[in-house]
Amino acid sequence: MTQRNLIYEQAYLAGFKDLIANDRVTARRLMAMVNSLARNPEPAGSVHLGDSLLYRLHLGDYRVMYDVDDDTVRVWSLGKAPR
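First residue of the sequence shown? That's 26 in the working numbering, and the numbers climb one at a time after it.
Structure representation (structure tokens):
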């Protein structure tokens, strides 16, 4: 299995910074999940969004948007899912 490069966009980093300030336990779980995308960019529970390269992944109340290229996973955003 190929190890891909992870690129974190500013929107994701800003959301992650807020999450660390409010919920460190979930932040650790989320970081482990996002880092595992380098090994397996389509884990169970990920949703491919239409014809684009975008995927969505949920962890509790949070969702991560990312895309997958040949050797790169670009993590675009982190947001709290409305429930």
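For glycine and all other residues, C-beta sits at the position ideal for the given N, C-alpha and C. If you're wondering where the values come from, they're calculated on a predicted model, not measured in any experiment.
Arg64 is positioned such that its CB atom lies no closer than 9 Å to that of Ser71.
For Ile32, DSSP records a beta bridge to Arg99.
Glu67 is a Cβ neighbour of Val93, given a cutoff of 9 Å.
In the DSSP annotation of this structure, the continuous segment of the beta strand (DSSP E) that includes Arg88 starts and ends at 87-93. Secondary structure in the stretch 30-79: the beta strand (DSSP E) runs of 3 residues or longer, each lying completely within the stretch, are 30-33 in chain order.
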